[in-house]
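Each position in the sequence shown, counted from 1, maps to that position plus 66 in this note's numbering.
The beta carbon of each residue, even a glycine, is placed where N, CA and C say it ideally should be.
The next block holds one structure in the form of structure tokens; read it before the comments.
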Amino acid sequence: MSPTDPSAEHLPASPPDLTGDPADLPGEPGASESGELTEDTAGARPLLAGEQVRLEDHKGRKHLVTLEPGKTFHTHRGGIVLDDLIGQPEGVVVKSTGGVPYLALRPLLSDYVLAMPRGAAVVYPKDTAQILVAADVFPGAHVVEAGAGSGSLTCALLRAVGPEGRVSSYERRDDFAAIARRNVERFFGGPQPTWDLTVGDVVSAPTRPRVDRIVLDMLAPWECVDWAAQALVPGGVLCCYVATTTQLARTVETARAHGGFTEPQASETMVRTWHVEGLAVRPDHRMIGHTGFLVTTRRLAPGVSAPGRRRRPAPGAYGENYDGPRPAGQQVD
Ligand SMILES: C[S@@+](CC[C@H](N)C(=O)[O-])C[C@H]1O[C@@H](n2cnc3c(N)ncnc32)[C@H](O)[C@@H]1O
């Protein structure tokens, strides 16, 4: 497959069922097993009308529901009267009219991004966590991100840079940019003063003032390496998230051949959940298989070239069949 084949966009595994729209249903109101806010729940933020809540049944099936006063959320096991939840602390249990208990919690960011409307494929939460660490996104950092896609990674970046930081997102498709804006503003409850979103190609983004971190989640990040070299502060991190090995190799070789970056690091992240029950302790049968790879590298000071590699390339690595970018001084071996 060519690295520019559109099918190379990363495909996150199917998200859990976290969707659902409240429906007006006639019928008995659901019964709440929770008490009122007491001393024990002091400090808890009561669930408010208009907020989203995650309802989970005893089989672990989850629904993301907006708390609309006067509405009932319909499940195949009866309706849940949403007024029963408004004003309650998180962690309460409500019963549907069919008698099925549902645990109510505010959605985590990982719940939210898997349930939110998508244009482009989102960065999967396990990779988001790794990106924040690999790119070393810190409070107060100025991060440039492209493409914004559905805004999943944007939400995590905005949280990580905090109120003193800045995230500048670029998305070349205006329909995806609109989805990203809606998703981000819904998550934070309104426009974010620390966020700007530009419809356009990231390589046309200004290179001054220089930025601390660049995170690229797109088909062809190697096309942005020259721009990233101009836009990053010395020591700044470039982190690219790609779906295929061909994209991975081309990104690494382009950054290496540029000469103004440290030796690129490539990785993938596998998270295996476990079943833990008495003596039955084992990995779960299913896991998220492939999502994507990360390539990280750091900008050297202007005019400085990367020190020579300590190890010789593997025999044939840059042989006559290799037709990608070559590190300086690396001839056909
Ligand atoms: C996989 S999606 C990004 C998903 C996003 N990170 C998220 O978590 O929701 C890739 C996006 O990059 C955009 N894109 C590709 N090349 C770009 C470029 N050079 N500048 C800006 N956006 C670009 C595409 O339009 C697409 O929406």
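For this session: Assign V119 to one of two classes, buried (16 or more other C-beta atoms within 10 Å of its C-beta) or exposed (fewer than that).
Result: Your numbering for residue 119 matches position 53 in the sequence shown. V119 should be labelled buried.
Exercise. Are V299 and R276 touching if we call contact CB-CB under 8 Å?
Worked result: As a first step, residue 299 must be located in the sequence shown, where it is residue number 233. As a first step, residue 276 must be located in the sequence shown, where it is residue number 210. Their beta carbons are under 8 Å apart, which means V299 touches R276 by this criterion.
Problem set entry | Contact between the stretch 216–224 and the stretch 153–167 (3+ Cβ pairs under 8 Å) | no
Problem set entry | Run of the beta strand (DSSP E) containing Y236, from where it starts to where it stops | Translated into positions along the sequence shown, residue 236 becomes position 170. Segment R232 to E237, the beta strand (DSSP E) holding Y236.
Problem set entry | Close Cβ partners of C305 (< 8 Å) along its chain, the five nearest in sequence each way excluded | Numbered from its first residue, the sequence shown carries residue 305 at position 239. So the list reads I197, A200, A201, R279, I280, V281, L282, L360, V361 and T362, once near-sequence residues are dropped.
Exercise. Three-state secondary structure (DSSP) at D87?
Worked result: For the purposes of this step, residue 87 is identified with residue 21 of the sequence shown, where counting begins at 1. The pLDDT assigned to D87 is 41, lower than 50, so where the model puts this residue is not dependable; a value taken from the coordinates is nonetheless given after this. Coil.
Problem set entry | Cβ-based neighbour list, Y384, same chain, cut-off 7 Å, excluding 5 preceding and 5 following | Within the sequence shown, residue 384 is the residue found at index 318, counting from 1. Once the five neighbours on either side are set aside, the close Cβ partners of Y384 are R392, Q396, V398 and D399.
Problem set entry | Inter-residue CB distance, A321 and P330 (contact presumed, cutoff 8 Å) | As a position in the sequence shown, residue 321 is number 255, starting the count at 1. As a position in the sequence shown, residue 330 is number 264, starting the count at 1. Contact holds; Cβ gap of about 5 Å.
Exercise. Between the beta-carbon of R348 and the beta-carbon of W340, is there less than 8 Å?
Worked result: Locating residue 348 in the sequence shown gives position 282, where the first residue counts as 1. Locating residue 340 in the sequence shown gives position 274, where the first residue counts as 1. Their beta carbons are under 8 Å apart, which means R348 touches W340 by this criterion.
For this session: Confirm the yes/no value for this check: CB of V189, any heavy atom of ligand 1, distance under 7 Å.
Result: Within the sequence shown, the letter at position 123 stands for residue 189. Closer than 7 Å to some heavy atom of ligand 1: that describes the Cβ of V189.
Exercise. Would the C-beta of S130 count as close to ligand 1, meaning under 7 Å from any of its heavy atoms?
Worked result: Working through the sequence shown from its first residue, we reach residue 130 at position 64. In the sequence as presented, Ser is not what sits at residue 130; that position holds Leu. Incorrect: L130 has no Cβ contact closer than 7 Å to ligand 1.
Exercise. Among D262, A286 and A294, which has the Cα closest to the Cα of S270?
Worked result: Position 204 of the sequence shown, counted from the first residue, corresponds to residue 270. Comparing C-alpha distances from S270 to each of D262, A286 and A294 shows the shortest one belongs to A294.
For this session: Could you tell me whether the stretch 209–216 touches the stretch 240–257, using the rule of 3 or more Cβ pairs below 8 Å?
Result: When C-beta atoms of the stretch 209–216 are compared with those of the stretch 240–257, three or more pairs fall below 8 Å, so the two segments count as touching.
Problem set entry | CA-to-CA distance, V303 to A309, given in whole angstroms | Position 243 of the sequence shown, counted from the start, is the residue given in the question as residue 309. Position 237 of the sequence shown, counted from the start, is the residue given in the question as residue 303. The straight-line gap from Cα to Cα measures roughly 20 Å.
Exercise. With a Cβ-Cβ cutoff of 8 Å, do V412 and C290 count as a contact?
Worked result: With the chain running from 67 to 399 in the structure shown, residue 412 is simply not present.
Exercise. Out of L148, A187, R143 and S176, which has the shortest C-alpha to C-alpha gap to K125?
Worked result: For this step, residue 125 is matched to residue 59 along the sequence shown. Minimum Cα distance to K125 is reached at R143.
Exercise. Going by DSSP, what residues sit across from Q331 in a beta bridge?
Worked result: For the purposes of this step, residue 331 is taken as the residue at position 265 of the sequence shown. Answer by DSSP bridge pairing, in chain order: T362.
Problem set entry | G50 burial status per 10 Å Cβ neighbour count (16 or more: buried) | For residue 50 there is no data in the structure shown, the boundaries of the chain being 67 and 399.
For this session: Give a yes or no on whether the C-beta atoms belonging to T260 and G217 are separated by under 8 Å.
Result: Translated into the one-based positions of the sequence shown, residue 260 becomes position 194. Translated into the one-based positions of the sequence shown, residue 217 becomes position 151. Not in contact: T260 and G217 (Cβ atoms no closer than 8 Å).
For this session: Return the bridge partner residues of H129 from the DSSP annotation.
Result: Start at 1 with the first residue of the sequence shown, and residue 129 comes out as number 63. Checking the DSSP bridge columns, you'll see H129 partnered with L121.
Exercise. Where DSSP assigns a beta bridge to C306, which residues make up the other side?
Worked result: As a working mapping, residue 306 is identified with position 240 in the sequence shown. Looking at the DSSP assignment, C306 forms a beta bridge with L282 and V361.
Exercise. So T194 packs on L169, CB below 8 Å; how close in whole Å?
Worked result: The residue you call residue 194 lines up with position 128 of the sequence shown. The residue you call residue 169 lines up with position 103 of the sequence shown. About 24 Å separates the two Cβ atoms, so there is no contact after all.
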